[in-house]
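Under our numbering, read the sequence shown as residues 128 to 1246, first letter to last.
All residues carry an ideal CB built from backbone N, CA and C; glycine is no exception.
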Amino acid sequence: MKSIRSTFVYLILIAALLNACNQVAESPNQATPLFSLLDASSTGIEFNNELIYTEELNPYTFRNFFNGGGVGLGDVNNDGLIDVFFSGNLVDNKLYLNKGNFKFEDISDKAGIASSEVWTTGVSLVDINGDGWLDIYLCKSGPSGGPNRSNELLINDGDTVNGPHFTNQAAAYGIADVGLSVHAAFFDYDKDGDLDLYLLNNSIRTVGGYDLRKGQRNIPDLDGGNKLYRNDGGKFTNVSQQAGIYTSAIGFGLGVTIGDLNKDSWPDIYVSNDFFEKDYLYINNQDGTFTEDLESYIRELSMGSMGADMADINNDGLPEVFVTEMLPEDDARLKTTTQFEKWDKYQVGVEQGYYHQFSRNVLQLNNGIGPDGKLSFSEVSRLTGTHATDWSWGALIFDMDNDGLKDIFVANGIGKDLLDQDYVNFIGDPEVVRSILQQKSNVIKQLIDSIPSNKVSNYAFKNTGNLHFENFASQWGLALPSFSNGSAYGDLDNDGDLDLVLNNVNMPAFVYRNNAKEQHPENHSLTVSLRGEQQNYFAVGSKVTLFSQGQVFYQELSPMRGFMSSVDYRLHFGLGTIDVIDSLVVEWPNETVSIATHLSTDKAVEFSQADAIKKPNVVAIGPRTTVFTREVLPQGVSFKHIESSFVDFDKERLLFNMVSNEGPCTCVADINGDGLDDFYIGGAKGQSGRLFRQTKDGKFQETSSQLFDGDKEAEDTGCAFFDANGDNLPDLYVTSGSNEVPNISLALVDRLYINKGKGRFVKSQQILPTSAKLESTSVVRAMDYDNDGDADLFVGVRMTPGFYGEQKNGYLLNNDGQGIFQNVTIEFAPDLTSIGMITDALWSDLDNDGAVDLVVVGNWMPIRVFLNRNGKFIEVSDRSGLAGSSGWYHVIAAGDFNEDGLVDFVVGNHGLNSRFKASQLEPISMYINDFDRNGSKEQILTRYDGGKELPLVMRTDMVMQIPVLKKKYLRFKNYVGQGMDEAFTFEQISNSIILQVNDLSSQLLLNKGNGQFSSQPLPLEAQFAPVYSLLVEDFDNDGHLDVFLGGNQYRAKPETGIYDASYGLMLKGDGKGTLTSLKGAESGIHTRGEIRSAQKIKVGKQKMIVVGKNNDVPEFYSY
């Protein structure tokens, strides 16, 4: 939770600035919901985790006051029915015995589990002594002192006569910790047959004193910190330090999740940390130690990480990780309760070792082991629509409707909106604080009373396949607004579907009966129980995989999950319409297996480790052949692109992405006629590009470096080799662009380097692309469009520095045959005037009439087609079926993908893994104007929410950039629901440049041969990140064209988050117009970083591609 522990009133402001909470959009109700909320009068469950704050105990004297409690589900009396445990904070814990048919008996007092007058948080049901009876481990928190303040291990006495009773033996076992414990995960990390313990402790320190100081996680906290306990025959030993576990004071952990992420048969640990500390991913080294190596596997994190879960969401047998945060989905709550981190603060965090953290949930898609032998994840929460669920705690991944796809449940709500921005401003007013402090009593209580309190709905994301989720909380009966924290699933009535129990603050607990069996009789299921050996009676850590009809269903037994909670020990598989399982494999912790075949469904089955067999030997078939092979950097290629530190947001504060990091460009040619490919790679501003000449032994040498050093102040944004002057030697044109220099800078002049033979170049004195004005260009493409025997040019302008959004020209430059270029745009291509913010273009004969046509793409513009009609170019975009194609395009490439003799295209767009969503009916718009008449233009982006167009920019940023609006929007709530026409006058709107985007997907455009193109999105993996580079070739030699693509974007505001889910991708063509993505293990492609260009090159006799990466060294792949 994001509030700060302090007795000083002024630190309340700090607490409020640290995070956010939110509300769920409800879907229409259906007559009979999937889940029925059962009344306490029917179930007998009357638990209410009532929290009443006082002057002494409240959110500001105890940071975790509103974090709530957990739920534990398990059969504590071995009668075959799942019982229910609730942990209480200011109230006693409760244990309810399941009597069948959703009737429960409160046995708390006689069971001895109440822990009266002590704050209980997490609950873990575990058979710690291997006697076949579930014990209960309770984490304690809250104020220090008092009875039962230490964590409790309640050993089940196994009384079959008088009913369940428990005895606290935590001290005897050595795990009676005293601190701010949150949750405990029991697992056999060393595979010695007994269960060890990872204890998640929230730091007892205040947050502010440790904020973003380097190296803090390496300093052990002797008073707290997370701990790893090894079970040594019933006595636990703290082995945290020798095992490689961080135990520092900045570990504000709220979730611990156990699972075998890399499928090496050893359990790994994921820890989700609140506040500024990054999450931890501990990889099991198989020798009793762990390596915390999150940054090698995961690229983007939640900032205020809360609960988490781990499960396979796409049925590929690999577990994903889902972590909750506090980003609101609803625009009103977003704009009243959220403050995003600023770019400079984010950069400091990264530099100080706190990694890439953003205010949103994350869903880490497991890519499996790549061609480099390492595991990787792609963060796809924005793609799946699961990134924003309000102030979220528990996260559970399970199949709610038995359709064979695991859904996601998120428990939401906090008793007080501590981050309500109007409240923050209220207590930030010195006069207000002074007035309150002058009171004689109830000072803090009065402050807390003034905080708004809003219940919010929980989320239930239905998995519809292909990484698509939709919030079905309303349809499924789960949208009742609440303050929900811990949650757990289990089959309480043994009917073959999973019921749901929630622990709420200041309201009765929720018990939901699942009606899937009645509502969806066509969907089948299977329940698997496991019996282990030695001290691991319930076989924790076992993995079960079902195979049927070409599908895979995978689960791992790790009951402690979500937030402070424990789920049913039985593994439940929804199977959809599958009624017979082809085979079932149990992988036991000791690496033996049990195998069953031809199992009928809709029943419960049990497997015993005692009956297991040795795992069959897998015949080694040698290393898999991949299409590409990553090669070492060729000798002599001593270049690393070094991006400048320029921050676009300092000049244009309302933009969300920078445009100053779009290099390096690359281009390839044989510059000296020796039959070997050479290449040029562009430099950033302040860094000269480099030309590398290949030698006969496959090495490279720099050439003409002094010439290029003279132009190092220019940012190289595009390049092309072509014969400018007809001497049969490739000359080099380099475009100069970016946003880093004023529009009067000579660094914006494009450069033409003339090849004088033997690879020696001199610079032409022409002012290109036109001497009329200096412009930031992005692309150059050479072609003899007029068939006069020389190469002419198209040059595209990207933008006006400092005026993002201004519509720029494309230039048609005619070659006189001697390498002198004349701008003939007005005469031969007037439609290229003011067409947009151009990023790429290509020449191609679209209609097979023998004349080359032109296709241009860019940001905030549709794909634009210009047909060559007797040397003049006429735009035909609208009648080509591309009128509604406006996007944020970066690149285009051509190829005949359906082999019909007509050229098709692939275009790289922003992608779908983004907070930005656009469609024909609800586009993203950008209004450009000098709204406050101060001489500089503002760019205001809008989106649709609830059918209304609203500014994306937050109120704080809006009034900071346009101060005249501050009086209008004195309070954050005044800004809610304000459209552009309400924020600005009719005159201001009508005088604005208004641009729109209605499609953000990267696409395949198939040429229909009648002047029309049909578009279809590229495969989903191609939508994971912005695409900046495309290369078309038959890479696998099957006779059909394939596509290599790459991208990512790191220079985006923390508000939207960076885009780093792509590792490069091969799309395999079938010659019929279908492109299929290959996993990295199949293609051999695995590149971390921002890919900006790719070119085919032959090194020696080997075909390769050279990949240009922003702020990094290039990479080479052979194929």
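Check                                                                                                                                                                                       : Outcome
Decide if T1203 is buried, meaning its Cβ has at least 16 other Cβ atoms within 10 Å, or exposed.                                                                                           : exposed
So, under 8 Å CB-CB, S1156 and P1144 are touching, yes? Tell me the CB distance rounded to an integer number of Å.                                                                          : The Cβ separation is near 18 Å, so there is no contact.
What three-state label does DSSP hand G382 in the structure shown?                                                                                                                          : strand
Would F1162 and F1171 be called neighbours here (beta carbons separated by less than 8 Å)?                                                                                                  : yes
From F776 to A874, what distance separates their C-alpha atoms?                                                                                                                             : 21 Å
Only counting the same chain, and skipping five residues up and downstream in sequence, which positions put a Cβ closer than 7 Å to that of Q1139?                                          : S1007 and G1008
Under the assumption that K572 contacts P608 (Cβ atoms under 8 Å), give the Cβ distance between them as a whole number of angstroms.                                                        : The pair is not a contact, with the Cβ atoms about 25 Å apart (cut-off 8 Å).
In chain order, what residues of the same chain lie with their CB nearer than 7 Å to the CB of G790, ignoring the 5 residues before and after it?                                           : H768, G809, A811, E842, D843, T844, R1219 and N1237
Using a Cβ-Cβ cutoff of less than 6 Å, which residues in the same chain neighbour T1183 once the five nearest sequence positions on both sides are dropped?                                 : F783 and R1042
What is the residue span of the alpha helix (DSSP H) that A587 lies within?                                                                                                                 : Counting along the chain, A587 falls outside any alpha helix (DSSP H), though it belongs to the beta strand (DSSP E) covering Y586 to G592.
Where does the unbroken beta strand (DSSP E) through A899 begin, and where does it stop?                                                                                                    : Per DSSP, A899 belongs to no beta strand (DSSP E) and is neither H nor E.
Ignoring anything shorter than 4 residues or poking outside the segment 857-917, list the alpha helix (DSSP H) runs there in chain order.                                                   : none
Determine the contact status of D547 and T451, defining contact as a CB-CB distance below 8 Å.                                                                                              : no
Ordered along the chain, which non-local residues of its own chain (more than five positions away) have a Cβ less than 6 Å from that of Q224?                                               : Residue identity differs from the one stated: residue 224 is Leu in this sequence, not Gln. For L224, where only same-chain residues beyond five positions count, the Cβ hits under 6 Å are D210, E232 and I234.
Between the Cα of I179 and the Cα atoms of E173, F189, I172 and F485, which residue gives the shortest distance?                                                                            : F189
Just verifying my parser: in three-state terms, what is the DSSP assignment at W1015?                                                                                                       : strand
In or out: Q369 buried (at least 16 other Cβ within 10 Å) or exposed?                                                                                                                       : exposed
So for S375, helix, strand or coil by DSSP?                                                                                                                                                 : strand
Mind pulling the beta strand (DSSP E) runs of 3 or more residues that sit fully within the segment 951-1039?                                                                                : 964-971, 980-988, 991-996, 999-1002, 1018-1022 and 1031-1035
Apply the 10 Å Cβ neighbour rule to R1082 and answer buried if 16 or more other Cβ atoms are within range, or exposed otherwise.                                                            : buried
Using DSSP bridges, identify the partner residues of V632.                                                                                                                                  : N176
Along the beta strand (DSSP E) that carries T654, what are the first and last residues, could you check?                                                                                    : H651 to R658
Less than 8 Å between C-beta atoms, sequence neighbours within five positions excluded: which residues of the same chain meet that for F596?                                                : T511, G512, T513, D534, I535, F588, K589 and N590
Could you check if D1239 is buried or exposed, using at least 16 other CB atoms within 10 Å of its CB as the buried criterion?                                                              : buried
With a threshold of 16 other CB atoms inside 10 Å of the CB of K267, please say whether the residue is buried or exposed.                                                                   : buried
Please go through the same chain and pick out, in chain order, the residues whose beta-carbon is closer than 7 Å to the beta-carbon of K462, but skip the five residues on each side of it. : M1081, R1082, F1099, Y1102 and V1103
What is the rounded straight-line gap between the Cα of V1233 and the Cα of P1241?                                                                                                          : 7 Å
Which class does D1084 belong to by DSSP, given the choice of helix, strand or coil?                                                                                                        : helix
Where do the N-terminal and C-terminal ends of the beta strand (DSSP E) with M1247 fall, by residue?                                                                                        : Shown here, the chain extends from 128 to 1246; a query on residue 1247 therefore has no answer.
Which same chain residues, not among the five before or five after G1011, have their C-beta less than 8 Å away from its C-beta?                                                             : P989, Q1047, N1125 and D1126
Quick one, are the C-beta atoms of F323 and N358 less than 8 Å apart?                                                                                                                       : Checking the displayed sequence, the identity of residue 323 turns out to be Asp instead of Phe. The answer is yes: Cβ separation under 8 Å.
Below 8 Å between beta carbons: does that hold for L629 and A723?                                                                                                                           : no
Nearest-angstrom Cα distance between F1113 and F1058?                                                                                                                                       : 12 Å
Under the three-state reduction of DSSP, which class applies to Y664: helix, strand or coil?                                                                                                : coil
Is the Cβ-Cβ distance between F848 and L859 less than 8 Å?                                                                                                                                  : yes
Alpha carbon to alpha carbon, how far is Q110 from G886?                                                                                                                                    : Examination of residue 110 is not possible in this model, given that the chain is present from 128 through 1246 alone.
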